[in-house]
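Numbering (this note's numbering), first residue to last: 77 to 798.
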Amino acid sequence: MCQRSLAAGGRISLTELAAQLNVDLDHVQTAINQLLNRNRTDDGISAAEFVVCAGELVHREFINNLCVRINSRLEEHGQMSLLQLTKQWELSTEMLNFHILPEIGDRPPARICAVRFEENLCTPRYIAALRKKINAVLVAITNQTLFFKLWNDLGEQDKMSGRLLGSKNSLKSLYIPNLHERMSSQYIKQRISVDHFIECLVLKRLNVVPSDPPAFFRELLPTNEFEDLIFWPSVVLSKSKLWREYILQSNHFCSIEDILPSQFAFLTDKDYAKIVERLQNYEYGVNLRATEDYSVVFEHPQLVDSWLRLVDGFVRERAAKDAPELRKAHLDAILGTKRTEAKGAKGAEKQQQKDDWEVDRPGGKKVNKSAGAKKGGGAGKGAAGKRKGGTESDAQAKYDPLATARLPTDELFDELRRAVASSVSDGLPESLCAELEEEFGSAANKMYRECLGEEYKKVDFGEQQGLKEIYEQKVAKFSESYADICLYEKGTEMFDENESLFGDLRTFLLRTLCTELSLSLLHAVAEPSSSQQAPQKFAQKLREQLIANLESKEAQKLAKELFDGLDSVEHFHEAVQRFASHGGAMLRQPDKRERSNRLDKFGTELRSQLADCSDPPTLLLLAVLLSLKKFFGVAVHASGKFVSPLILFISSKANKVSDPSLFELKELLVDTQRLVVACIRKERSNDEGGVEEGEEEKEQLTARMESLKAFFAENAQKSDML
77 MCQRSLAAGG RISLTELAAQ LNVDLDHVQT AINQLLNRNR TDDGISAAEF VVCAGELVHR
137 EFINNLCVRI NSRLEEHGQM SLLQLTKQWE LSTEMLNFHI LPEIGDRPPA RICAVRFEEN
197 LCTPRYIAAL RKKINAVLVA ITNQTLFFKL WNDLGEQDKM SGRLLGSKNS LKSLYIPNLH
257 ERMSSQYIKQ RISVDHFIEC LVLKRLNVVP SDPPAFFREL LPTNEFEDLI FWPSVVLSKS
317 KLWREYILQS NHFCSIEDIL PSQFAFLTDK DYAKIVERLQ NYEYGVNLRA TEDYSVVFEH
377 PQLVDSWLRL VDGFVRERAA KDAPELRKAH LDAILGTKRT EAKGAKGAEK QQQKDDWEVD
437 RPGGKKVNKS AGAKKGGGAG KGAAGKRKGG TESDAQAKYD PLATARLPTD ELFDELRRAV
497 ASSVSDGLPE SLCAELEEEF GSAANKMYRE CLGEEYKKVD FGEQQGLKEI YEQKVAKFSE
557 SYADICLYEK GTEMFDENES LFGDLRTFLL RTLCTELSLS LLHAVAEPSS SQQAPQKFAQ
617 KLREQLIANL ESKEAQKLAK ELFDGLDSVE HFHEAVQRFA SHGGAMLRQP DKRERSNRLD
677 KFGTELRSQL ADCSDPPTLL LLAVLLSLKK FFGVAVHASG KFVSPLILFI SSKANKVSDP
737 SLFELKELLV DTQRLVVACI RKERSNDEGG VEEGEEEKEQ LTARMESLKA FFAENAQKSD
797 ML
């Protein structure tokens with residue numbers, strides 16, 4: 077690396093060195109730092125002779141040679157500005173300040189024999205020549221002279237070939253010859269004409285522009301050209317050539333690079349502040365702002381509003397998508413909190429009761445402290461009520477999604493960039509996004525929460541409509557089930573002479589349909605928002621849990637009475653109507669006409685099932701139930717275990733019924749029953765010798781089943797004809 081630096085004249089940039097060596101810049105910097113810490117390189121070159129300055133590896137010999145060349149130039153011209161020095165040899169500010177200017181002095185061992193005066197370097201010989209010229213003028217004066225009066229008179233008469241810049245008593249004052257001023261003014265006019273701008277630093281170094289640049293340019297340029305200039309702390313530029321004022325109109329923001337040429341890299345924060353101030357003086361108003369790094373200017377409220385319009389569709393679509401999920405999470409959270417609070421309140425109440433009645437005294441006795449507690453004032457109950465109310469309010473606030481719902485910032489700005497890309501080729505500047513991230517995000521989230529509120533109303537209305545439909549369906553089903561129970565209960569009265577059969581049928585009705593209706597009612601009241609049907613069987617623990625979740629103690633009491641009332645049909649009617657009425661469902665017993673219609677429907681369903689049935693035991697049960705409906709006009713709810721006593725009942729009543737077909741049916745039922753029992757017994761036994769007999773009985777049973785189907789089919793046709 078040192079060899080390459082020497083080969084490049086003693087100076088090479090680190091980036092160029094990395095490119096030549098084909099390695100990363102980090103590796104080059106690390107290697108150079110290690111190299112400079114050594115006394116000598118592997119090539120025998122002294123590492124102390126190298127320095128790193130402004131991203132360059134520089135050999136001391138280069139600095140020495142540069143000092144020699146600068147010294148030669150000064151000896152030739154007598155003076156030169158620092159600006160000329162840096163431009164001619166492409167020196168960085170760091171190189172100039174730390175390695176060149178320290179070598180300046182008016183006597184040895186200084187490498188550069190010169191004196192620095194402001195931004196200029198002058199040789200002692202040049203200064204001596206100027207001193208001699210002034211001395212020659214003074215020598216030419218042979219008499220006593222009013223020097224400063226004559227000086228002032230020449231200035232007033234405009235006969236002086238120059239002017240004094242600064243105070244007469246200041247050592248830093250300069251005499252500016254007219255020739256220098258004319259050449260400087262010509263240079264300034266040329267720069268304005270060609271480049272349309274000039275840096276204020278250049279004006280300062282020329283020492284011809286006073287502290288008020290506009291006054292100088294007003295005298296230097298024609299009126300129209302002067303009025304076209306813009307004066308900023310670091311530059312004077314032409315408005316018509318370089319300034320674009322109306323670029324904000326379309327997008328409400330623009331980069332400084334879009335307003336000014338790229339060569340204006342020397343601008344400072346004061347210049348950018350002037351840019352914003354100038355823009356504010358035009359039609360954009362006082363709401364114009366700039367980013368923290370002054371890289372972008374924008375119309376503050378208009379830009380945020382335009383961004384909100386661009387993401388409006390995205391926000392509304394996202395709110396419509398998120399509303400149902402947030403609503404569900406909200407309801408689940410509140411429900412879980414209420415259940416936890418209810419359990420905690422019950423536990424606290426029990427503990428409080430124990431504490432109230434069992435307080436240990438030091439002597440080992442227990443005393444009731446309730447009476448004593450009241451002496452402390454009546455604030456206890458009220459305070460508890462306030463605490464409870466505060467807890468519910470806190471729970472609502474804690475789980476209110478509208479108060480905390482936010483859009484992901486990354487997704488929001490990705491959508492904004494996508495929307496802006498269609499109108500802005502370079503996209504959104506990152507500095508602008510960072511500047512407005514909080515404000516725009518807050519406004520977008522406010523819009524998002526408003527849209528969520530609108531969607532919530534739709535969701536709430538939809539939920540209400542859905543719950544209303546579910547409720548109406550459940551009530552209709554409960555009414556149907558209760559009407560069927562009443563119909564079957566009426567059917568059991570046919571067997572009141574047979575107390576055993578009468579009681580068994582009612583007990584079966586209570587354990588099946590009545591229990592199912594009770595469980596369905598409990599599930600509907602405890603879970604009003606559930607669209608699922610209640611399971612036919614409930615575990616005792618689940619039933620108790622549902623009862624405990626009921627909102628009021630009255631509802632819990634009625635629910636317990638409902639299941640306690642399953643010991644008799646009479647108690648069931650009273651309990652089920654009270655509980656249903658509390659839950660908003662009215663259950664009533666069917667009138668005579670409705671009973672008749674339901675009985676006909678019951679018969680139709682039995683005939684349909686009988687016609688499609690192929691299972692002998694089930695077919696026999698259907699035939700028995702259909703016989704009771706046809707010949708006795710009752711609907712009976714029974715299972716297979718009731719087939720035998722019901723056939724005995726039909727047989728005992730066969731002679732008392734005027735319809736002779738009942739006697740024929742009775743014989744058919746008895747014979748079918750015998751065959752069904754025989755087939756079941758044969759299937760249960762593994763007796764190999766009875767195979768042929770079993771097959772014969774199956775054939776007979778099949779024939780009886782067809783006979784039963786034919787019997788009820790013929791009777792149905794006769795009934796239809798009548």
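In this text, a Cβ means the ideal position worked out from N, Cα and C, and glycines have one as well.
- Shown here, Glu-166 sits in coil according to DSSP, grouped into three states, outside any helix or strand.
- Of Val-753, Phe-193, Ala-730, the smallest CA-CA separation from Gly-716 is found for Val-753.
- Under the 10 Å beta carbon count, Trp-308 is surrounded by 16 or more other beta carbons and is classified as buried.
- Looking at the DSSP output, His-135 shares a beta bridge with Phe-126.
- Counting along the chain, Asn-196 sits inside the beta strand (DSSP E) bounded by residues 196-198.
- The C-alpha of Thr-106 lies about 46 Å from the C-alpha of Ser-518.
- Rounded to the nearest whole angstrom, the C-alpha separation of Ser-243 and Met-156 is 24 Å.
- Going by DSSP, Cys-330 is part of the beta strand (DSSP E) stretching over 329-331.
- Scanning its chain for C-beta atoms nearer than 8 Å, with the 5 sequence neighbours on each side dropped, one finds around Leu-698 the residues Leu-682, Gln-685, Leu-686, Cys-689, in chain order.
- Contact between Leu-634 and His-658 holds: CB atoms are separated by about 5 Å, below the 8 Å threshold.
- Rounded to the nearest angstrom, the gap between the Cα atoms of Ser-148 and His-135 is 21 Å.
- Approximately 14 Å separates the beta-carbon atoms of Glu-132 and Ile-176; this is outside 8 Å, ruling out the contact.
- Positions of the beta strand (DSSP E) runs, each at least 3 residues long and wholly inside the segment 600-678, cannot be given because no such run exists.
- The three-state secondary structure of Cys-562, taken from DSSP, is helix.
- Contact annotation, Ile-332 with Ser-371: C-beta distance approximately 6 Å; criterion of less than 8 Å satisfied.
- In the three-state reduction of the DSSP assignment, Leu-247 falls in the coil class, being assigned neither a helical nor a strand state.
- No residue range can be given for Ile-176, since it is assigned to no alpha helix (DSSP H) and is classified by DSSP as neither H nor E.
- Runs of the alpha helix (DSSP H) lying entirely within the segment 715-742 and spanning at least 4 residues, in chain order: 719-729.
- When only Cα atoms are considered, Ile-203 and Asp-271 end up about 35 Å apart.
- Note: Val-372 is bridge-paired with Ser-331 in the DSSP secondary-structure output.
- Contact annotation: the segment 637-651 touches the segment 589-598, with at least three C-beta pairs closer than 8 Å.
- Nearest Cα to Lys-566 within the set Glu-513, Val-496, Phe-708, Leu-784: Phe-708.
- Looking at the DSSP output, Ile-268 shares a beta bridge with no other residue.
- Less than 8 Å divides the Cβ of Arg-671 from the Cβ of Leu-563.
- Pro-253 sits exposed, since fewer than 16 C-beta atoms from the chains shown fall within 10 Å of its C-beta.
- The residue from Ala-631, Ser-499, Thr-778, Glu-569 with its alpha-carbon nearest to that of His-599 is Ala-631.
- Under the Cβ criterion (8 Å, minimum of three pairs), the segment 294-305 does not count as touching the segment 338-351.
- Inclusion of Cys-129 and Phe-193 in the CB contact set at 8 Å is not warranted, their separation being larger than that value.
- A Cβ-Cβ separation of about 7 Å places Val-311 in contact with Phe-340 under the 8 Å criterion.
- Bounds of any beta strand (DSSP E) do not take in Ser-703; it lies within the alpha helix (DSSP H) bounded by 692-708.
- By the C-beta density criterion, Gln-749 is buried, having at least 16 other C-beta atoms within 10 angstroms.
- Straight across, the Cα-Cα distance linking Ser-728 with Ala-711 is about 18 Å.
- Taking Thr-162 as the centre and dropping the five residues before and after it, the same chain places the C-beta of Leu-172 closer than 7 Å to its C-beta, in chain order.
- Bridge pairing for Met-156: Leu-197 [DSSP].
- Under a 10 Å Cβ-count criterion, Ile-217 is classified as exposed, with fewer than 16 other Cβ atoms of the shown protein chains found around its own Cβ.
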